[in-house]
Amino acid sequence: MSETIFFYIFAVISVGMVLLMIFQTNPIVSALYLVFGFFGVAGLYVLLSAPFVAVLQVLVYAGAIMVLFLFVLMLLNLRKEDLVYDRLNWRKIGVGGVAILFLGFLAHHFTRIQIQPFFDLPENFGTPEGVGRLLFTTYLIPFELVSILLLVAIIGAVVLGKRQ
Amino acid sequence: MITIHHYLILSALLFTLGLLGAVLRKNILIVLMSIEVMMNAINLTFIAVSRYLRVMDGHVVAFFVMAVAAAEAAIGLAIVVSLFRTRQTIKTTDWRMMRG
Amino acid sequence: MVKFLPLIPLLPLAGFLFNAGLALVATRRKKAPAEWLPSLIGCLAPFLSFVLSVGAFWVLRQNPHEPLITGPLFSWFSTSLLSVDFGFLVDPLSSVMILIVTGVGTLIHIYSIGYMKGDQGFARYFSYLNLFLFFMLLLVMGDNLLVLFVGWEGVGLCSYLLIGFWFTDAEKAAAGFKAFVVNRIGDFGFLIGLFLILFAFLSQSQGSENSYLNYSFMENHKEIFAPLATVITLCLFAGATGKSAQIPLYVWLPDAMAGPTPVSALIHAATMVTAGIYMVARLFFLFEMAPVTLSIIGSIGLATALMAALIGLTQYDIKKVLAYSTVSQLGYMFLALGMGAPVAAIFHLMTHAFFKACLFLGAGSVIHALHDQDIRNMGGLFSKMKYTGITFLVATLAIAGIPPLSGFFSKDEILLMTYVNGSPVFYILSVLTAGLTAFYMFRLFVTTFLGKTRHPHPDHIHESSLVMVYPLKILAFLSIVGGLVGLPHVLGGENRIHHWLGYLKEATEVPHQLELRLMVISTVWCLFMSGLAFYLYCCHPGWTKRLKQKGALIYSFIFNKFKIDELYQAVIIKPLLFISTTLLWKGSDQKIVDGILVHGWTKVATVSARLLSLLQTGVLGHYLLFLWGGLIVFLFLAVR
Numbered sequence: 001m002s003e004t005i006f007f008y009i010f011a012v013i014s015v016g017m018v019l020l021m022i023f024q025t026n027p028i029v030s031a032l033y034l035v036f037g038f039f040g041v042a043g044l045y046v047l048l049s050a051p052f053v054a055v056l057q058v059l060v061y062a063g064a065i066m067v068l069f070l071f072v073l074m075l076l077n078l079r080k081e082d083l084v085y086d087r088l089n090w091r092k093i094g095v096g097g098v099a100i101l102f103l104g105f106l107a108h109h110f111t112r113i114q115i116q117p118f119f120d121l122p123e124n125f126g127t128p129e130g131v132g133r134l135l136f137t138t139y140l141i142p143f144e145l146v147s148i149l150l151l152v153a154i155i156g157a158v159v160l161g162k163r164q
Numbered sequence: 001m002i003t004i005h006h007y008l009i010l011s012a013l014l015f016t017l018g019l020l021g022a023v024l025r026k027n028i029l030i031v032l033m034s035i036e037v038m039m040n041a042i043n044l045t046f047i048a049v050s051r052y053l054r055v056m057d058g059h060v061v062a063f064f065v066m067a068v069a070a071a072e073a074a075i076g077l078a079i080v081v082s083l084f085r086t087r088q089t090i091k092t093t094d095w096r097m098m099r100g
Numbered sequence: 001m002v003k004f005l006p007l008i009p010l011l012p013l014a015g016f017l018f019n020a021g022l023a024l025v026a027t028r029r030k031k032a033p034a035e036w037l038p039s040l041i042g043c044l045a046p047f048l049s050f051v052l053s054v055g056a057f058w059v060l061r062q063n064p065h066e067p068l069i070t071g072p073l074f075s076w077f078s079t080s081l082l083s084v085d086f087g088f089l090v091d092p093l094s095s096v097m098i099l100i101v102t103g104v105g106t107l108i109h110i111y112s113i114g115y116m117k118g119d120q121g122f123a124r125y126f127s128y129l130n131l132f133l134f135f136m137l138l139l140v141m142g143d144n145l146l147v148l149f150v151g152w153e154g155v156g157l158c159s160y161l162l163i164g165f166w167f168t169d170a171e172k173a174a175a176g177f178k179a180f181v182v183n184r185i186g187d188f189g190f191l192i193g194l195f196l197i198l199f200a201f202l203s204q205s206q207g208s209e210n211s212y213l214n215y216s217f218m219e220n221h222k223e224i225f226a227p228l229a230t231v232i233t234l235c236l237f238a239g240a241t242g243k244s245a246q247i248p249l250y251v252w253l254p255d256a257m258a259g260p261t262p263v264s265a266l267i268h269a270a271t272m273v274t275a276g277i278y279m280v281a282r283l284f285f286l287f288e289m290a291p292v293t294l295s296i297i298g299s300i301g302l303a304t305a306l307m308a309a310l311i312g313l314t315q316y317d318i319k320k321v322l323a324y325s326t327v328s329q330l331g332y333m334f335l336a337l338g339m340g341a342p343v344a345a346i347f348h349l350m351t352h353a354f355f356k357a358c359l360f361l362g363a364g365s366v367i368h369a370l371h372d373q374d375i376r377n378m379g380g381l382f383s384k385m386k387y388t389g390i391t392f393l394v395a396t397l398a399i400a401g402i403p404p405l406s407g408f409f410s411k412d413e414i415l416l417m418t419y420v421n422g423s424p425v426f427y428i429l430s431v432l433t434a435g436l437t438a439f440y441m442f443r444l445f446v447t448t449f450l451g452k453t454r455h456p457h458p459d460h461i462h463e464s465s466l467v468m469v470y471p472l473k474i475l476a477f478l479s480i481v482g483g484l485v486g487l488p489h490v491l492g493g494e495n496r497i498h499h500w501l502g503y504l505k506e507a508t509e510v511p512h513q514l515e516l517r518l519m520v521i522s523t524v525w526c527l528f529m530s531g532l533a534f535y536l537y538c539c540h541p542g543w544t545k546r547l548k549q550k551g552a553l554i555y556s557f558i559f560n561k562f563k564i565d566e567l568y569q570a571v572i573i574k575p576l577l578f579i580s581t582t583l584l585w586k587g588s589d590q591k592i593v594d595g596i597l598v599h600g601w602t603k604v605a606t607v608s609a610r611l612l613s614l615l616q617t618g619v620l621g622h623y624l625l626f627l628w629g630g631l632i633v634f635l636f637l638a639v640r
């Protein structure tokens, strides 16, 4: 019962915050809304017994990435006239309609998925230890590749960010 | 009783919202944020399915997606910074370099 | 003897292969081979065939009612509907034909040794000649229509090769081309006739035997053809007009003079043009069932004879005159066929083979000596080329129908049959044509051999070598005595050829008095016309000029061969060319195939690429939209 309540609370938080983020003019404000949305998703992860990923979500997304966004925003030092005003028009409403149809299509096919739920989870499910074991055994090579990806991204960001 | 369908539909909703933000907004920063939202929606799907299948591979994938998202954000923001320096704008419709 | 029958056509084939090999080697080495080898092989092969043919004839003579049949040598093809075997048949008709083909052919081969001496393509020439004989023998010896058709097409091919023998000369190559194309038109009719025969059999087939194209089978089941006989025979006759140079397809034969003269002799006398006569005579049981076709054949034959004789009056090229006389004589043969007298046609074919070969070889001898074909530059050759002159005179007398030479008997028989079976108009016209023949032949003889020498270098003229003169002598001898095989009863003869070929068609009984009377009429008429020509051209050389001036219009019309070539050019060739170039080439090929199908697609690609490039706005949002669209499509396909 409490799971249901928490699910709806976190769902409403995440969806609501994302909606607010989309409809903001000022990117700083929308970045802050997004942080809250990420917190909501992290809560959902906890509900799904994935505490390690939930922690990572908070650390990486809400912490690192959003801080990055804020830094950049401050670096750009946007003035009032730099802000972009998006007005609602028929084209956007049309795209929104297509998006609703798309959502319906996804939902229709998702509800056809039949998975028998298991309630007795194995030990270490979703804990740092469990995920870590998997990461460093089965997924060792992808893990190393991801580290290279990150290295490349750092170098790329530095190169791009340098003043010519 | 919360079934997997709840989570899947929620993730679909988040994905669609992110998509709408990415397609409709002209502010490049908000477009980037919307893309982060889409990735989150996908992560949510992975986590939910791996919860109901009792396997942790989804967690690992979510971990990788986060790494990719971090890399993408870093590169994307670096591009935004350098573009803003030359063009003095963050409006996507003002940048029309991506054509032959 | 039956065992050796296949050798008759196969020997020339072997000669062809051998000589073709020699010619190929010579071309590779760029050096002409010694001439004795190809001429030995080239003459030996037809000569041995001739010996075998005489043997076959001898065997057949013991019992003429049992033809020599090899039976199926091998199965050519066999289906449930139709089976065709390859087999040879020598019955009295084909025995006459093979004797003519190999006999006259051998003489022409021997003559060619002298005529073609020193030519670059000596071995090639002999290989073609041998191939020609091979196909002709296939044509006359095959025991079914399909083997005949192989020979039929083969002689067409060889005529093309030989007429265009000096193919470096564009005009001569074009003449060969013309012969081939005109023949193909006739062959088309022949093929349709073949298919109709098959159709007739297949539509009411009974029994298990299905070798429909065999002559014996066809003759035994000829009642099947009754409803289709006219159409079938007309189609077959269309083929015959092509091969045997009748109206409307005779135009190739005068142009066929472009080849070496012995080739003309071979084509005109022994082979090729006789194919149509032979075919009609062979299938006479079929033609008999279609009186309409027979009357058409007779009319066309007579018209051809008359027209060609008229053209022959005006020509100056010695070979052209002979060519038109061939067309004219072939017209006689078809007239005989049309009058229901195949025996007379074959008889005339035989005597014609002798004297026409003699005439052509004589003309070749003259051309060889003078290097000129225009009779206006000849004259007075009789004293310089005695043997050529005498043999030419003999052959001229023969073709003019002067008794007792061979042409008289055969032509007289045709005239007789025309009188008996045809209308009076037919008879009068054919007698008139006979007189014309005598006239233009004597015109040719007188202007060529008598009178003053008009050649610029008269001292160079000399008689041809022995190898050329001997065949002439033999042929002249045959022209004299050849008619004796058909000596009519009224003159105390036995008319052997009628007994020999009587199975083709029962001879009509004619009152002897009538026969004699007609004979006298035609003899007197031919003698008169010969004498007139002799007198006019010998003693009054100026009269033709006056006549030409008076009837300038008619004269030039006849001299230009009734403008038939021009007519064909305007009515058939030009529209065809117009359709091909304007409609098919420039219209459908360039506009539709090239314009729409080939370049059209590139345009479609260009335009669609332009249109698609409009999607490339450079705006990030649009690209995301497309990405999304792609995702939707992918998902739709994935969940299906």
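Keeping their order, the protein sequence lines are chains A, B and C. Note that the numbering used here gives residue 21 to position 21 of the first sequence, counting from 1, and the numbers run on in steps of one. Note that the numbering used here gives residue 100 to position 100 of the second sequence, counting from 1, and the numbers run on in steps of one. Note that the numbering used here gives residue 583 to position 583 of the third sequence, counting from 1, and the numbers run on in steps of one. Note that beta-carbon positions come from the ideal geometry of N, C-alpha and C, so glycine has one too.
For residue i, the nearest candidate out of the options (CA to CA)
i, options, result
"S365 of chain C", "C:P12, C:A265, C:T437, C:R376", "C:A265"
"A275 of chain C", "C:V263, C:Y332, C:V140, C:T70", "C:V140"
"L516 of chain C", "C:L89, C:E413, C:G151", "C:E413"
"A20 of chain C", "C:F126, C:P9, C:L99, C:V84", "C:F126"
"R124 of chain C", "C:P46, C:F86, C:G15", "C:G15"
"A309 of chain C", "C:G298, C:I296, C:S299, C:A323", "C:A323"
"I90 of chain B", "B:L8, B:V61, B:M1, B:L32", "B:L32"
"G18 of chain B", "B:I9, B:I30, B:L8", "B:I30"
"I154 of chain A", "A:Q116, A:R87, A:L68, A:V58", "A:L68"
Residue i (DSSP reduced to helix, strand or coil)
i, result
"L52 of chain C", "helix"
"I558 of chain C", "helix"
"F382 of chain C", "coil"
"D187 of chain C", "helix"
"N144 of chain C", "strand"
"N214 of chain C", "strand"
"T433 of chain C", "helix"
"I402 of chain C", "coil"
"Y85 of chain A", "coil"
"H647 of chain C", "Because chain C spans 1 through 640 in this model, residue 647 of chain C falls outside it and cannot be assessed."
Residue environment, residue i, which counts as buried when at least 16 other CB atoms sit within 10 Å
i, result
"A638 of chain C", "exposed"
"Q549 of chain C", "exposed"
"I108 of chain C", "buried"
"E3 of chain A", "exposed"
"A552 of chain C", "exposed"
"S328 of chain C", "buried"
Residues near residue i in its chain [Cβ-Cβ closer than 8 Å; skip 5 each side]
i, result
"S244 of chain C", "V273, T274, A275, G276, I277, L330, M333, F334"
"H512 of chain C", "H489, V490"
Residues near residue i in its chain [Cβ-Cβ closer than 6 Å; skip 5 each side]
i, result
"D91 of chain C", "P67"
"T79 of chain C", "none"
"F10 of chain A", "G40, G43, L44"
"G130 of chain A", "N124"
"R376 of chain C", "Y316"
"F46 of chain B", "G58, V61, A62"
Counterpart residues of residue i in DSSP-defined beta bridges
i, result
"K91 of chain B", "B:N27"
"V90 of chain C", "C:L68"
"S75 of chain C", "C:D85"
"D119 of chain C", "For D119 of chain C, which the question treats as bridged, DSSP gives no partner whatsoever."
"D317 of chain C", "C:D374"
Neighbourhood of residue i by C-beta, 7 Å cutoff - its chain only, sequence neighbours within 5 removed
i, result
"F135 of chain C", "G151, G154, V155, C158"
"S39 of chain C", "I113, F126"
"Q83 of chain A", "In the sequence under discussion, the amino acid at residue 83 of chain A is Leu, which differs from the Gln named in the question. Answer for L83 of chain A: T25, N26, listed in chain order."
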